[in-house]
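Chemist: Just so you know, the protein sequences line up as chains Y and P, in that order.
Under the working numbering, the first residue of the first sequence is numbered 1, with each subsequent residue one higher.
Under the working numbering, the first residue of the second sequence is numbered 477, with each subsequent residue one higher.
There are 2 protein chains.
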Amino acid sequence: MAIVKNEKITSRDDDFAKWYTDIVKQAHLAHYTSVKGCVVFEPYAFAIWENMQSVLDKMFKETRHENLYMPMFIPESLLLKEAEHVEGFAPEAAWVTHGGKNKLEERLAVRPTSETLFCDYYASIIGSYRDLPKLYNQWCSVVRWEKSTRPFLRTREFLWQEGHTIHETAEEAQEETLRMLNIYKTFFEKYLAIPVLVGKKTEKEKFAGAEYTLSLEALMYDGVSLQSATSHYFGQKFSIPFNVKFVDRNNKIQNVYQTSWGASSRMIGALIMVHGDDNGLILPPKIAPKQIVIATIRNDEKVLDVASKLEKQLKEQGYRTILDTSDKSAGFKFAEYEMKGVPLRIEIGPRDIANGHVVMARRDNGEKEIVDIDTVVERAKILLDDIQISMYEKALKHTKERTYTCTNLDEVRVIMNTKPGFIKAMWCGDQECELKMKEIRGMKSRCIPFEEEHISDHCIVCGKKAKHMVYWGIQY
Amino acid sequence: MAIVKNEKITSRDDDFAKWYTDIVKQAHLAHYTSVKGCVVFEPYAFAIWENMQSVLDKMFKETRHENLYMPMFIPESLLLKEAEHVEGFAPEAAWVTHGGKNKLEERLAVRPTSETLFCDYYASIIGSYRDLPKLYNQWCSVVRWEKSTRPFLRTREFLWQEGHTIHETAEEAQEETLRMLNIYKTFFEKYLAIPVLVGKKTEKEKFAGAEYTLSLEALMYDGVSLQSATSHYFGQKFSIPFNVKFVDRNNKIQNVYQTSWGASSRMIGALIMVHGDDNGLILPPKIAPKQIVIATIRNDEKVLDVASKLEKQLKEQGYRTILDTSDKSAGFKFAEYEMKGVPLRIEIGPRDIANGHVVMARRDNGEKEIVDIDTVVERAKILLDDIQISMYEKALKHTKERTYTCTNLDEVRVIMNTKPGFIKAMWCGDQECELKMKEIRGMKSRCIPFEEEHISDHCIVCGKKAKHMVYWGIQY
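Pasting the structure below:
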């Protein structure tokens, strides 16, 4: 672990954006580069990403998905084949025009997403229903030439996985769309300790080219919402222009039904903004690169001996453990690992040893307890499990407190200007009313939940007959 | 696993290049795309790559390297900072000139390799010797706009890892350069079952911008050599123009000493060309996506019962096992998994069950044996271990048979036109003589081995005083 300077960071209640940037810098997560809008994912952030990858990848493989790798370049003509898709992605594509000294005959987009490449591939490998389904995923980076950027939340290049599947029937593809959304939901709740809303995006907010988009929405500490993962159902919208056909069970030629789904390094941003505090990151044990730090306070022989025995025992139990025996002051050491968000700290000094105990400190709530040396390993398990659950519950409580039911725009305005969060409100289904909502701090519809509540009969904007209950929120 | 058409492939002795392409296609390893020179890494090839990654990544982490992720774009001005480097890489760079509709102020190269980005990063994070060494690695794809391409061996985009480290002293950096070469050597010999030559590249063949390049060279079945991994020592050649400085232990300001090292998806090509035969791939057990296939011959209840019990037992022992109970003919099934190179096949039919045994067939040498059902698991371990070793020994024997000691160019010409391989010959150190050697089927120096033999006093080309013994060979 790199050395953290023991400086104070901005308070998150004073300036949330500045607090975020301070953490990104001081926990050594991302570093700006000479390419505007692109960052280095530093080792500590990348270790978080690797843990996310490893859990998600296992979940994907358990549901029979296979990894592969598509080229990063998309010929312009391929990107142009589906009209809505090109409209959504061409304006923010990075274009390769030259290979060495030669101008290319056709320019190439650096992939903003890979539906078009997958379709091109499908078309040449699918013959009959016996070849279906194909359940693919790839881990890669994608590029979108955004104007304003922020590390992890919106960068020109970011890391993600994109799942792409094709199926015999619409039903099967739609089941897949929902299955993958639920996998993300489980991952967010059980691993990232982040509660999420799930539902369908409105027409205006769906993915460019999809029949519909399902989405995961999470509320950050400052009440701003973050679209955290999405799962798209395409029907035959790509398979028709891309000519992805198969002979079905009735010997008829049909186009396949398609899905895609993705989650990105934005999840690192969510971890920071949901759990972090004024001392730095707070990482859920299941994702933390280091779950336990053993920090020695004064290094005599006995202290070092006990500390390294404990390190060994904890590692044997599978805990990602780090032992810091450096001669920095206790206060400095503690602050360092607090900044890094290590869930559990074990403090060992000569006085502790003399009394046969150590101190165990939780990062999530700061509680300290004195623990008999012989019971440290079993206590670590209990504490780490409890931290994981408590972090989720705390975030859930915050989300609930910041979820409001509204029936008029004045209410919404007051809330959004004081203590923003999710707004539950009725909607007539017209895009015009969505645009009106946007006038309030750029609010957007987050999703139409699968189980809608009946709040009133009328659209909160125009007063006409309501079609749906919608979650609204300011977004990153 | 995708379905393999049970077609004959070209014999490797008739047309090695065609044989290679046939395997790539029929084992579903790579698929051409509409971007010239870029391929889809299909799931089976990608699974091989994931196994390679997982072993190498562990070896890197055990030697204290950390993963991170650098942007894929390099501003032209950054690439231009080291003269030899730009000369080597700029002519084959893919250039991004537009973001969305806007022309970029400065064009960006899609990374052909990332020394320049790492230097830019180092310069801003290094202060004193206490910050050193930095031992980084990243897994990513890189782009080189090559004219003629072949799947895995030379594609415009390929997968690799690139390690980048900086150190206080030249000695330490040179130790690292050698350490990483040895890690690759271990990986090739113990995991890929591929024997390698190790040594130093000549000035002409070293990496653009390096002080020197160490390299791993392997001989393919057809006697052509493949540069299989490289490890570069840069000294201060980048750290001076990039201004990567630190305060040393004597309180003096110095530039860091640097290395980089890489291995790529070309290793998949090496696996094919070293081990494969006219029935398809032969994969070493330690890297094979599936180590054992259980193929049922006629599916009655007993057969299915025994087969799935065996599958369970083998999986419990950690073997990557696949059970194929489809109703394809035995011959078809066997050919399918032979094409995929699965090291061990277990055949189970009603007659076997009646006799309390199964048949176990090795992919590497085709040997079959009858094994008591109760001893299958222990026998599998013995066979897989033996396959791993035998494959290495067979490749080593081939390499030795094809390694020649020569003292005149006529000998070299005859060998290279009949049964090519590695040529050991003396060299005066002049580039002119290297170029003369190139006239024989494009031969190049492979490396100067760490322990040179004394073959004669004279350069094989010009007859002047020899400086080095060099391995020479035709290359991919």
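Ideal placement from N, C-alpha and C gives every residue a C-beta, glycine not left out.
For a contact defined as C-beta to C-beta under 7 Å, what are the partners of Y:W145 on chain P?
Modeler: Residue 145 of chain Y sits at position 145 when you count from the first residue of the first sequence. Those are G575 and G576, listed as they occur along chain P.
Chemist: Using C-beta distances below 6 Å, list every residue in its chain close to P:V946, excluding the 5 sequence neighbours before and after it, in chain order.
Modeler: The count along the second sequence starts at 1 and reaches residue 946 of chain P at position 470. Only W903, S921 and I924 meet the Cβ criterion.
Chemist: In chain P, which residues lie with their C-beta within 8 Å of the C-beta of Y:Y471?
Modeler: Counting from one through the first sequence, the residue named residue 471 of chain Y turns up at place 471. The contacting residues do not exist; Y:Y471 stays about 31 Å from chain P at best.
Chemist: So with Cβ pairs under 9 Å, would you call Y:E311 a contact of chain P?
Modeler: Indexing the first sequence from 1 puts residue 311 of chain Y at position 311. No, Y:E311 does not count as interfacial toward chain P.
Chemist: Enumerated in chain order, which unbroken segments of the alpha helix (DSSP H) with a length of 4 residues or greater are wholly contained in the region 558-618 of chain P?
Modeler: Listed in chain order, they are 559-565 and 591-601.
Chemist: For Y:S308, which option in Y:G349, Y:F234, Y:G331 and Y:E62 has the closest C-alpha, if you only look at C-alpha atoms?
Modeler: Your numbering for residue 308 of chain Y matches position 308 in the first sequence. Minimum Cα distance to Y:S308 is reached at Y:G349.
Chemist: Using only the alpha-carbon positions, how far apart do Y:V24 and Y:M339 sit?
Modeler: One-based indexing of the first sequence puts residue 24 of chain Y at position 24. One-based indexing of the first sequence puts residue 339 of chain Y at position 339. Cα to Cα, the separation comes out at about 10 Å.
Chemist: For Y:Y476, write down the residues that DSSP places opposite it in a beta bridge.
Modeler: Taking the first sequence and counting its residues from 1, one reaches residue 476 of chain Y at position 476. Y:Y476 is not bridged to any residue.
Chemist: Have a look at P:I768, P:K900 and P:V782 and flag the residue whose alpha-carbon is nearest the alpha-carbon of P:K857.
Modeler: If you number the second sequence from 1, residue 857 of chain P lands on position 381. With distances taken between Cα atoms, P:K857 lies closest to P:I768.
Chemist: Got a sec, what are the start and stop residues for the beta strand (DSSP E) P:S736 sits in?
Modeler: What you label residue 736 of chain P is simply residue 260 of the second sequence in a count that begins at 1. It spans Y733 to S740 - the beta strand (DSSP E) in which P:S736 sits, taken as one unbroken run.
Chemist: Examine chain P for any beta-carbon lying closer than 9 Å to the beta-carbon of Y:D120, and answer yes or no.
Modeler: The residue you call residue 120 of chain Y lines up with position 120 of the first sequence. It does; some Cβ of chain P falls within 9 Å.
Chemist: Quick one: using the 10 Å Cβ neighbour count with 16 as the cut-off for buried, is Y:L141 buried or exposed?
Modeler: The residue labelled residue 141 of chain Y in the question sits at position 141 within the first sequence. Per the sequence presented here, residue 141 of chain Y reads as Ser, with Leu not at that position. Label assigned to Y:S141: buried.
Chemist: Compute the Euclidean distance between the alpha carbons of Y:F89 and Y:P112, then round it to the nearest angstrom.
Modeler: Counting from 1 along the first sequence, the entry for residue 89 of chain Y is found at position 89. Counting from 1 along the first sequence, the entry for residue 112 of chain Y is found at position 112. Taking the straight line joining both Cα atoms gives about 7 Å.
Chemist: Got a sec: is the Cβ-Cβ distance from P:Y795 to anything in chain Y below 9 Å?
Modeler: Mapped onto the second sequence, residue 795 of chain P falls at position 319. No, its Cβ sits nowhere closer than 9 Å to a Cβ of chain Y.
Chemist: How many Å lie between Y:K5 and Y:E336 at the Cα?
Modeler: Along the first sequence, one-based indexing puts residue 5 of chain Y at 5. Along the first sequence, one-based indexing puts residue 336 of chain Y at 336. With a pLDDT of 47 at Y:K5, under the threshold of 50, the predicted position of this residue should be treated as unreliable, and no value is reported.
Chemist: So which residues of chain P does Y:N67 contact, with C-beta pairs closer than 8 Å?
Modeler: Here residue 67 of chain Y corresponds to residue number 67 of the first sequence, with the count starting at 1. By Cβ distance, chain P contributes P519, F522, A523 and E526.
Chemist: At what residue ranges does the region 141-217 of chain Y contain a whole run of the alpha helix (DSSP H), taking only runs of 4 or more?
Modeler: Whole alpha helix (DSSP H) segments, 4+ residues: 170-186.
Chemist: Should Y:I125 be flagged as near chain P, meaning a C-beta pair shorter than 9 Å?
Modeler: Translated into the one-based positions of the first sequence, residue 125 of chain Y becomes position 125. Y:I125 counts as touching chain P.
Chemist: Strictly below 8 Å CB to CB, what residues from chain Y border P:E633?
Modeler: Walking along the second sequence from the start, residue 633 of chain P turns up at place 157. By Cβ distance, chain Y contributes P71, M72 and F73.
Chemist: Please confirm whether P:P567 has its beta-carbon closer than 9 Å to some beta-carbon of chain Y.
Modeler: Within the second sequence, numbered from 1, the residue matching residue 567 of chain P stands at position 91. Yes, its Cβ sits closer than 9 Å to a Cβ of chain Y.
Chemist: For P:F634, which residues of its own chain have a beta-carbon under 6 Å away from its beta-carbon, when the five flanking residues on both sides are left out?
Modeler: For the purposes of this step, residue 634 of chain P is taken as residue 158 along the second sequence, with counting starting at 1. If we look at P:F634 and ignore the five residues flanking it on each side, its Cβ neighbours are S740 and S741.
Chemist: Considering only their Cβ atoms, is the gap separating Y:E115 from Y:F238 smaller than 9 Å?
Modeler: Position 238 of the first sequence holds residue 238 of chain Y. Position 115 of the first sequence holds residue 115 of chain Y. Yes, the Cβ-Cβ distance between Y:F238 and Y:E115 is below 9 Å.
Chemist: Within 10 angstroms of its Cβ, does P:I652 collect 16 or more other Cβ (buried), or is it exposed?
Modeler: To locate residue 652 of chain P, count along the second sequence from 1; it is residue 176. A quick correction: the sequence has Glu, not Ile, at residue 652 of chain P. The residue in question, P:E652, is buried, as its Cβ has 16 or more Cβ neighbours within 10 Å.
Chemist: DSSP state of P:Q793, grouped into three classes?
Modeler: Locating residue 793 of chain P in the second sequence gives position 317, where the first residue counts as 1. P:Q793: coil per DSSP, three-state reduction.
Chemist: At the level of alpha carbons, what is the spacing between Y:K302 and Y:I353?
Modeler: Position 302 of the first sequence, counted from the first residue, corresponds to residue 302 of chain Y. Position 353 of the first sequence, counted from the first residue, corresponds to residue 353 of chain Y. Going from the Cα of Y:K302 to the Cα of Y:I353 covers about 7 Å.
Chemist: Listing by chain order, which chain P residues have their CB less than 8 Å from the CB of Y:H31?
Modeler: Taking the first sequence and counting its residues from 1, the one referred to as residue 31 of chain Y is at position 31. Going along chain P in sequence order, the residues near Y:H31 (Cβ under 8 Å) are Y597, S600 and I601.
Chemist: Could you tell me the alpha carbon to alpha carbon distance between P:L859 and P:Y520, rounded to whole angstroms?
Modeler: On the second sequence, residue 859 of chain P is found 383 positions in, with the first residue counted as 1. On the second sequence, residue 520 of chain P is found 44 positions in, with the first residue counted as 1. About 23 Å.
Chemist: Check Y:L219 in the structure and name its three-state DSSP category.
Modeler: If you number the first sequence from 1, residue 219 of chain Y lands on position 219. In the structure shown, Y:L219 sits in a strand (DSSP, three-state: E or B).
Chemist: Tell me which residue opens and which closes the alpha helix (DSSP H) that P:I891 is part of.
Modeler: Taking the second sequence and counting its residues from 1, the one referred to as residue 891 of chain P is at position 415. Taken as a continuous stretch (DSSP letters only), the alpha helix (DSSP H) holding P:I891 covers L885 to T894.
Chemist: Strictly below 9 Å CB to CB, what residues from chain Y border P:F571?
Modeler: Taking the second sequence and counting its residues from 1, the one referred to as residue 571 of chain P is at position 95. Just to set this straight, residue 571 of chain P is Trp in the shown sequence, not Phe. V96, T97, H98, G99 and G100, listed in chain order.
Chemist: How would you label Y:N137, buried or exposed, when you count the other beta carbons within 10 angstroms and need 16 or more for buried?
Modeler: Looking up residue 137 of chain Y in the first sequence gives position 137. Per the 10 Å Cβ criterion, buried.
Chemist: Determine whether the beta carbon atoms of P:V672 and P:L654 lie at a separation below 9 Å.
Modeler: Reading the second sequence from its first residue, position 196 is the one you call residue 672 of chain P. Reading the second sequence from its first residue, position 178 is the one you call residue 654 of chain P. No, the pair does not count as a contact, with Cβ atoms beyond the cut-off.
Chemist: Which two residues bound the contiguous alpha helix (DSSP H) that contains Y:K397?
Modeler: As a position in the first sequence, residue 397 of chain Y is number 397, starting the count at 1. V376 to E401 is the span of the alpha helix (DSSP H), which, as asked, contains Y:K397.
Chemist: Quick one: residues in its chain with C-beta nearer than 6 Å to the C-beta of Y:I415, no 5 flanking neighbours on either side, listed in chain order?
Modeler: Against the first sequence, residue 415 of chain Y aligns to sequence position 415. Y404.
Chemist: With distance defined between alpha-carbon atoms, name the residue in Y:V342, Y:G473, Y:D372 and Y:K200 nearest to Y:R413.
Modeler: On the first sequence, residue 413 of chain Y is found 413 positions in, with the first residue counted as 1. When each option's Cα is compared against that of Y:R413, the closest is Y:G473.
Chemist: First and last residue of the alpha helix (DSSP H) that includes P:L759?
Modeler: Against the second sequence, residue 759 of chain P aligns to sequence position 283. Here P:L759 belongs to no alpha helix (DSSP H), and DSSP marks it neither H nor E.
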